[in-house]
Structure formats: C-alpha cells, structure tokens
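One structure is given here, and the rest of the page talks about it.
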Amino acid sequence: MNPADVAQTAVAASHDVSLWGLFIAAHWVVKIVMLGLVSASIWVWAIIVEKIILFRRTRGQMDRFEQVFWSGQSLEELYRSLAQRPTTAMAALFVAAMREWKRSHETASRSFAGLQQRIDRVMNVTIQREVERLEARLMVLATVASAGPFIGLFGTVWGIMTSFQAIAVSKNTSLAVVAPGIAEALFATAIGLVAAIPATIAYNKLAGEVNKIANRLEGFADEFAAILSRQIDQQGGPASYDQRAA
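In this text, residue positions in the sequence shown follow our numbering: the first is 5, and each later residue adds one.
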C-alpha cells in the first residue's frame, strides 16, 4: 500500500460514521438545524398523540350524548343535568341552544320573533368554537410538514459548502476525505424528512377527523333546530321524547 492510500485510510478511520458521530462532527450551524428538527419532531409526535386521545374522547362523548338524547329523557331534565357542568362537542351545542330557548321563553313578553334565527346563530357559534378547539395546534403539523424538508436542506447545503471549503484547504478530493463531510450534511436532510413525513400524514388524517366531527355536529344541529322549530310554531315548551320522534 502506498503512502497516499495509507493516509486516506487513516483519515477515513478517524471519522465516526455513526449517527451520533455525524452529529458531533457537523458544523455548528448544521447542529442547530438538526437540534431544531429533532425538537420539531418530538413536538409533532406529542401533538399527534394528544389529538388521537382528544378525538377518541370527543367521539365517545358524542355517542353517549346521542344515546341519552334519544333515550326518552325530557329536554328539560337533560338540560338541567348538563347545564351545571362543563360540556363539550354535542352536549355544548345542546346546552347553548336550550339556553337561548329558555331566555326567550322565560321573558315577560314570551316573544318568539326571531328565536329560530337566534338559536341557529348560537349553534353555529358553538360549532365554530368546538372546531377551533379540535383544530388547535394542527397548524404546527402543517408548518413542520411544509418547512421541515427545506430546513433540513439548508443544513445540508451548509454542510456541503463547509466540506468543499475543507477540501480546498486540504487539496485532497479522494472519496475517503469527502464522504464523511457529505454524510454529515445529508444527515440534516434525513432528520428533516423524519420530522416532515409523520407531520404530513398526521395533518391530513387529523384534519379529516375534524371535518367528520364538524359534519356530525352540524347534522345534530339541523335535527335539534327542526325539533325546536316545531315547538316555536306551537309556541310551547321544550319537546319531550314523543315530540322529538314526531
């Protein structure tokens, strides 16, 4: 083996090509990019887990509420049982509509003029608030999904630029000299993709779940508005189960 080959072998052996070794050997700018992307990836997974639990709990709450709503219990009893404790999703929609009904029904004039529009308005506002609650922090996933690869690419470009500067100083273009620096640079792109790919998949999935829940809330709002509309036409009190089924 000639002296040049021996030198190249020594240079290659001096580089730790493990993931930790690539991070340690990277330029400080590339290290900041890597740490930022790793932090973003951890944040993404925390949001994913939190949203999965939230959506599962929300669907369960809506299932239980619909079971009680159509079980035969009067709306007055159901309202009294829900009005005294925090409610979410479909129960919050019901409480908001019933509260507006009772405010109009219990006034001295007992005027029902515009009541249907007011009930529709408060239910729409409640749906919007619930959707906003469900969508909270989903934009973080969208941001990481779109920006993560480019941030990783920035770290890669910076690392390659630093490697070429080192090559120019050493005046050695052998693969044994170039490969470790290129590997360090490409590692940043890999981390960017690791952060962006789960964020993209999760955002699309979770956004679809939000739309399903919103559609379910809107469907219940339409059904409940029809029930109250019949009562407004009759200028009576809140419906019983038989009136709901009519």
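Backbone N, C-alpha and C fix where the C-beta goes; we use that ideal spot for every residue, glycine too.
Return the residue from the list the options that minimises the CA-CA distance to residue i.
i, options, result
"residue 198", "29, 40 and 166", "40"
"residue 185", "168, 130 and 103", "168"
"residue 31", "189, 219, 229 and 221", "189"
"residue 163", "191, 90 and 136", "191"
"residue 148", "33, 51 and 34", "51"
"residue 160", "194, 58 and 94", "194"
"residue 150", "108, 78, 207 and 104", "207"
"residue 230", "119, 36, 76 and 42", "119"
"residue 226", "84, 88, 82 and 127", "127"
"residue 135", "90, 26, 100 and 217", "217"
"residue 42", "196, 234 and 221", "196"
"residue 224", "142, 73 and 89", "73"
"residue 204", "219, 152 and 35", "152"
"residue 25", "71, 238, 215 and 187", "187"
"residue 87", "103, 129 and 34", "103"
"residue 232", "71, 121 and 219", "121"
Whole angstroms are fine: how far does the CA of residue j sit from the CA of residue i?
i, j, result
"residue 123", "residue 144", "34 Å"
"residue 133", "residue 22", "48 Å"
"residue 94", "residue 139", "16 Å"
"residue 60", "residue 213", "10 Å"
"residue 166", "residue 54", "40 Å"
"residue 174", "residue 146", "43 Å"
"residue 112", "residue 105", "With a pLDDT of only 47 at residue 112, under 50, the local geometry of the prediction cannot be trusted, and no value is derived from it."
"residue 85", "residue 38", "52 Å"
"residue 99", "residue 210", "26 Å"
"residue 137", "residue 101", "19 Å"
"residue 79", "residue 221", "18 Å"
"residue 142", "residue 108", "38 Å"
"residue 170", "residue 62", "56 Å"
"residue 236", "residue 228", "12 Å"
"residue 131", "residue 97", "7 Å"
"residue 33", "residue 172", "20 Å"
"residue 77", "residue 215", "29 Å"
"residue 71", "residue 238", "27 Å"
Nearest chain D C-beta to residue i closer than 8 Å, yes or no?
i, result
"residue 123", "No chain D appears in the structure shown, which is made up of a single protein chain."
Can you list the alpha helix (DSSP H) stretches of 4 or more residues lying completely in the region 69 to 138, in chain order? 79 to 87 and 93 to 109
Across the region 199 to 210 and the region 151 to 163, are there enough close Cβ pairs to call them in contact, namely three or more that are closer than 8 Å? yes
Could you check whether the region 66 to 77 touches the region 35 to 52, counting it as contact only if at least three pairs of C-beta atoms, one from each stretch, sit closer than 8 Å? no
List, from N- to C-terminal side, the alpha helix (DSSP H) runs of 4 residues or more that fit wholly inside the region 161 to 212. none
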